[in-house]
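Visitor: Dropping a structure here in structure tokens format, bear with me for questions.
In the numbering used here, the protein residues as written are 9 to 318.
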């Protein structure tokens with residue numbers, strides 16, 4: 009039965025550990041699996057990207073496959089009654105399933121990825137939607153695991169907009185026991201349903217606060233992201249005014265642990281959500297986590313293809 013990775017919670021915690029082991033072994037050169045040898049993967053990107061596109065295309069090649077890149081203008085799918093669609097999800101998924109061995113999609117609406125995965129007969133990986141950014145968060149958790157040698161009950165302060173990155177942290181917290189603190193404003197909260205599911209799982213400590221100091225106090229990780237995501241530029245001024253006090257700077261870091269990790273998923277607006285001094289400081293692992301996107305996505309692909317065979 010084929011498997012998809014549309015959200016962190018599509019894996020069990022056991023599978024996350026398996027992916028971490030695979031990722032670490034591949035990164036160290038202990039193993040060099042070629043599950044995509046003589047196979048092809050398609051990367052469908054309705055939203056442009058630097059890290060996501062490069063990391064997936066390089067990773068697919070390193071796993072023995074060939075990567076094909078398609079933009080939203082070339083592949084505009086929709087539901088049957090969507091007047092803007094170029095092709096129904098079922099039709100597009102059926103064609104791809106006959107020619108392609110893996111689908112990677114980066115788009116806007118999460119429901120569209122779910123529709124594509126429902127009809128596709130090959131694994132589908134969510135490379136970002138407005139709701140979730142699962143590859144980013146799994147890569148970030150792997151980075152934390154590398155640096156802290158553990159992941160369970162690590163305290164993570166996420167500061168800023170309650171966006172897809174924040175939602176994916178909450179989704180992960182329903183699967184992995186974490187101490188997750190979200191520092192944001194009442195007007196920029198994460199998705200209500202995602203937050204409720206994470207709380208109802210009773211697995212992690214989840215604290216939502218409007219005070220940045222309370223969020224970062226004695227934490228292992230301080231994480232931030234841009235105040236307005238791609239496609240939300242018109243909301244920038246409003247969100248910047250709401251979130252300015254959550255800027256990650258040296259003053260705020262005084263309240264976190266001395267060996268806390270500073271993280272940002274990039275691209276960063278230096279001087280806004282994070283200062284140069286902090287992003288380039290000794291606690292920063294920003295570029296380590298960017299590199300780990302390549303490694304974790306290879307682990308995800310290997311795991312999906314292995315489980316889809318079984």
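Ideal Cβ positions, reconstructed from N, Cα and C, are used throughout, including at glycine.
What first and last residue would you give for the beta strand (DSSP E) that runs through residue 272?
Guide: Position 264 of the chain shown, counted from the start, is the residue given in the question as residue 272. Where residue 272 is concerned, the enclosing beta strand (DSSP E) stretches over 269–272.
Visitor: I need the boundaries of the beta strand (DSSP E) containing residue 256, first residue and last residue.
Guide: Counting from one through the chain shown, the residue named residue 256 turns up at place 248. Segment: none, residue 256 is in no beta strand (DSSP E) and carries neither H nor E.
Visitor: Compare the Cα-Cα distances from residue 162 to each of 201, 213, 136 and report the closest residue.
Guide: Working through the chain shown from its first residue, we reach residue 162 at position 154. Comparing Cα positions, the closest option is 213.
Visitor: Would a C-beta distance cut-off of 9 Å place residue 128 and residue 47 closer than the cut-off?
Guide: The sequence position of residue 128 within the chain shown is 120, counting from 1. The sequence position of residue 47 within the chain shown is 39, counting from 1. No. Outside cutoff.
Visitor: Is the distance from the Cβ of residue 178 to the Cβ of residue 194 below 9 Å?
Guide: Indexing the chain shown from 1 puts residue 178 at position 170. Indexing the chain shown from 1 puts residue 194 at position 186. Contact: no.
Visitor: Would you identify the three-state DSSP class for residue 36, choosing helix, strand or coil?
Guide: Translated into positions along the chain shown, residue 36 becomes position 28. Here residue 36 sits in coil by DSSP.
Visitor: Note the first and the last residue of the continuous alpha helix (DSSP H) segment covering residue 13.
Guide: For the purposes of this step, residue 13 is identified with residue 5 of the chain shown, where counting begins at 1. Premise fails: residue 13 is in no alpha helix (DSSP H) and is neither H nor E.
Visitor: Taking its Cβ as the centre, do 16 or more other Cβ atoms sit within 10 Å of residue 188, making it buried, or is it exposed?
Guide: Within the chain shown, numbered from 1, the residue matching residue 188 stands at position 180. So residue 188 counts as buried.
Visitor: For the segment 131–147 and the segment 275–287, state whether three or more C-beta atom pairs, one from each stretch, are separated by less than 8 Å.
Guide: The segment 131–147, when compared against the segment 275–287, does not touch it at the 8 Å Cβ threshold.
Visitor: Going by the beta-carbon positions, is the gap between residue 237 and residue 175 smaller than 9 Å?
Guide: As a working mapping, residue 237 is identified with position 229 in the chain shown. As a working mapping, residue 175 is identified with position 167 in the chain shown. In this structure, residue 175 does not lie closer than 9 Å to residue 237 by Cβ.
Visitor: Please report how far the alpha carbon of residue 160 lies from the alpha carbon of residue 180, in whole angstroms.
Guide: Residue numbering aside, residue 160 sits at position 152 when the chain shown is read from its first letter. Residue numbering aside, residue 180 sits at position 172 when the chain shown is read from its first letter. Each residue's alpha carbon lies about 11 Å from the other.
Visitor: Going by C-alpha to C-alpha distance, which of 78, 223, 196, 190 sits closest to residue 6?
Guide: The structure shown has nothing for residue 6, since the chain only spans 9 to 318.
Visitor: DSSP has residue 231 in a bridge; who is on the other side?
Guide: Position 223 of the chain shown holds residue 231. Partner(s): 166, 271.
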